[in-house]
Amino acid sequence: MSAAARIRERARALGFERTGFAAIAPLEAAEHYRAWIAAGMHGGMDWLAQAEPIARRAEPARILPGVQSVIAVALCHDPAGDPARDARVGRIARYAAGDDYHALMKEKLGALAGFVEAELPGARALWYSDTGAILERGWAERAGLGWIGKHSGLLSEEIGSWFLLGELLVDRALEPDPPVERERCGTCTRCLDVCPTGAIVAPYRVDARLCISYLTIEHRGVIPRELRPAIGDWIFGCDLCQEVCPWNRFAPPARDARLAARPLADWTLAGFLTLDDAAFATLFAGSPIRRTGRDGFLRNVCIALGNRGGSEDVPALGRSLLRDPDWLVRAHAAWALGEIAARAGERLGTTALTEARAFDASETVREEAGLALGRVLRENDPAARRV
Numbered sequence: 004m005s006a007a008a009r010i011r012e013r014a015r016a017l018g019f020e021r022t023g024f025a026a027i028a029p030l031e032a033a034e035h036y037r038a039w040i041a042a043g044m045h046g047g048m049d050w051l052a053q054a055e056p057i058a059r060r061a062e063p064a065r066i067l068p069g070v071q072s073v074i075a076v077a078l079c080h081d082p083a084g085d086p087a088r089d090a091r092v093g094r095i096a097r098y099a100a101g102d103d104y105h106a107l108m109k110e111k112l113g114a115l116a117g118f119v120e121a122e123l124p125g126a127r128a129l130w131y132s133d134t135g136a137i138l139e140r141g142w143a144e145r146a147g148l149g150w151i152g153k154h155s156g157l158l159s160e161e162i163g164s165w166f167l168l169g170e171l172l173v174d175r176a177l178e179p180d181p182p183v184e185r186e187r188c189g190t191c192t193r194c195l196d197v198c199p200t201g202a203i204v205a206p207y208r209v210d211a212r213l214c215i216s217y218l219t220i221e222h223r224g225v226i227p228r229e230l231r232p233a234i235g236d237w238i239f240g241c242d243l244c245q246e247v248c249p250w251n252r253f254a255p256p257a258r259d260a261r262l263a264a265r266p267l268a269d270w271t272l273a274g275f276l277t278l279d280d281a282a283f284a285t286l287f288a289g290s291p292i293r294r295t296g297r298d299g300f301l302r303n304v305c306i307a308l309g310n311r312g313g314s315e316d317v318p319a320l321g322r323s324l325l326r327d328p329d330w331l332v333r334a335h336a337a338w339a340l341g342e343i344a345a346r347a348g349e350r351l352g353t354t355a356l357t358e359a360r361a362f363d364a365s366e367t368v369r370e371e372a373g374l375a376l377g378r379v380l381r382e383n384d385p386a387a388r389r390v
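Mind the numbering: the sequence shown is residues 4 to 390 in the working numbering, read in order.
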């Protein structure tokens, strides 16, 4: 059995569903990446546009001198959703519903790197999984794990796209796998058609500034008003483009129970508004959701409530508007109150909105409260259109 075959066997035993090998050579993906950055589609993720990370993505030898091979692996997470849970707490991207995959990948890729170095005495193996300047999808495509789909994610004919990627850079030559002969999206445009914000601006090209995943996770600060309705009840990430992909009918279940969704029993969207910093950190300990911070998470919760909440959620939003210590939460709570009242056809939340418009310390909150109050009054009293 060859070294590559033994590595593949060990990777499977560690829980990776697929393993592929690629020889170091220039990637076409590097040029696509540069063009994407030049177009500003990375939004506020400024670290992606720095000169040294861009160079490292194009030249892996800057990371590991003498690198000759990339081992790409895919770790499947559960493809099934939980509609009952979503109805209670909002929607969370499937990959983030369980334990933090970074910790799982660290464990599994670290073990695989140790195995590779034992198999190839004197070799060095460095692992990455969303943790460094690696063109993950480009190397996975080169290693034969799949092709880049029109939603810009990696697709596999055998396992769909409900998986996480990891890589090992190795300074030894390993027999490469052939890439997939051709992409197999064909004429399908389901992913483009389903995106509510139009973030997939063209096949294979996503503008992060419009992407719900970016807006609810990486974006810091106020989410543009014109995009809030399209976010729906997503409170962390978005799976829509994967949910409609025909190739995902082949997606297998996760083999690691730690990737199963946490139940978040007894919690609701409105209930999340009671979280302070300590309670947020405790509830989401070991979860990717901690990445947003409490303020970003509750901002998302307010948007979800604004899009689907009812009169029963008004008291919780009113308390957040008047008492939450973070201006970002208060600003989005004001918007949510306006949306619910307009939808219900009742003058709900006007007391809190009036107080916030007059007295809040944040200019942004005062502006949001004024706009929301004006909408509530217009929807219920045409004579008040000048408010």
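C-beta atoms are modelled at their ideal positions from N, C-alpha and C, and glycine is treated no differently. Note that the coordinates shown come from a computational prediction; the quantities given were computed from them, not determined experimentally.
What's the gap between the Cα of residue i and the Cα of residue j?
i	j	result
L276	N303	11 Å
G117	G313	54 Å
P227	M4	56 Å
I40	A26	26 Å
E139	R297	29 Å
G125	F24	19 Å
G377	L213	27 Å
D259	D363	47 Å
M44	A211	5 Å
R346	G163	38 Å
D327	T295	17 Å
H105	E184	31 Å
G189	C248	12 Å
L278	L112	34 Å
H35	A61	11 Å
L130	T22	This sequence places Trp at residue 130; Leu is not what is there. Straight-line Cα distance between these residues: approximately 14 Å.
G69	A32	21 Å
C244	W250	11 Å
Could you tell me the boundaries of the beta strand (DSSP E) in which residue i lies?
i	result
S72	72-79
W50	Neither: W50 is in no beta strand (DSSP E) and is coded neither H nor E.
I238	237-239
V204	203-205
Between which two residues does the alpha helix (DSSP H) containing residue i stretch?
i	result
E1	What the structure shows of the chain is the stretch from 4 to 390, and residue 1 is not part of that stretch, so it cannot be assessed.
A116	104-122
T22	Run containing T22: none in the alpha helix (DSSP H); it sits in the beta strand (DSSP E), 21-26.
A128	A128 -> not in any alpha helix (DSSP H); beta strand (DSSP E) instead, spanning 128-131.
P318	317-326
N303	296-311
D89	86-92
R261	R261 -> no alpha helix (DSSP H), and no H or E assigned at all.
R140	139-145
G377	366-383
T353	353-362
C244	243-246
Sorted by chain position, which residues of the same chain lie with C-beta nearer than 6 Å to residue i's C-beta, five sequence neighbours on each side aside?
i	result
R293	F287
A319	A273, L276
R94	D236, W237
R13	F118
Give me, in chain order, the residues of the same chain whose beta-carbon lies closer than 7 Å to that of residue i; leave out the 5 immediate sequence neighbours on both sides.
i	result
T367	V225, W330, A334
A58	R65
H222	G46, G47
V317	L340, I343, L351, G352
P182	E144, R145, G147
E371	A334, A337, W338
Would residue i and residue j qualify as a contact pair, given that the criterion is a beta-carbon distance under 8 Å?
i	j	result
L158	V73	no
S132	L167	yes
N383	G352	no
W3	R187	The structure shown does not extend to residue 3, since the chain is modelled only from 4 through 390, so no value can be given for it.
I203	K153	yes
T200	A146	no
R265	G101	yes
E20	A77	yes
R127	D174	yes
E170	I137	yes
R37	E122	no
V332	L301	yes
L267	R88	yes
L325	A361	no
S216	C198	no
S290	D49	no
G299	A355	no
If contacts are defined as beta-carbon pairs under 8 Å, then residue i and residue j qualify, I think. What distance do you get, rounded to the angstrom?
i	j	result
W2	R97	Not covered by the structure: residue 2. The range shown for the chain is 4 to 390.
W142	A75	5 Å
I338	R231	Rather than Ile, the amino acid found at residue 338 in this sequence is Trp. With a Cβ gap of about 7 Å, W338 and R231 count as contacting.
L115	R261	That belief does not hold up - the Cβ atoms of L115 and R261 are roughly 17 Å apart, past 8 Å.
Using a Cβ-Cβ cutoff of less than 8 Å, which residues in the same chain neighbour residue i once the five nearest sequence positions on both sides are dropped?
i	result
G135	R59, I66
S155	R140, I203, Y207, R208, V209
T3	Residue 3 is absent from the model: the chain starts at 4 and stops at 390.
A16	none
P256	C79, D81, P82, A83
Please tell me whether residue i has its Cβ less than 8 Å away from any Cβ of chain E.
i	result
F362	Within the model displayed, chain E is absent; a lone protein chain is all it includes.
Looking at the ligand ZN, does it come within less than 7 Å of residue i, judged from the CB to the closest heavy atom?
i	result
I220	Summarising the ligand content, the structure contains no ligands, and the ligand ZN is consequently not present.
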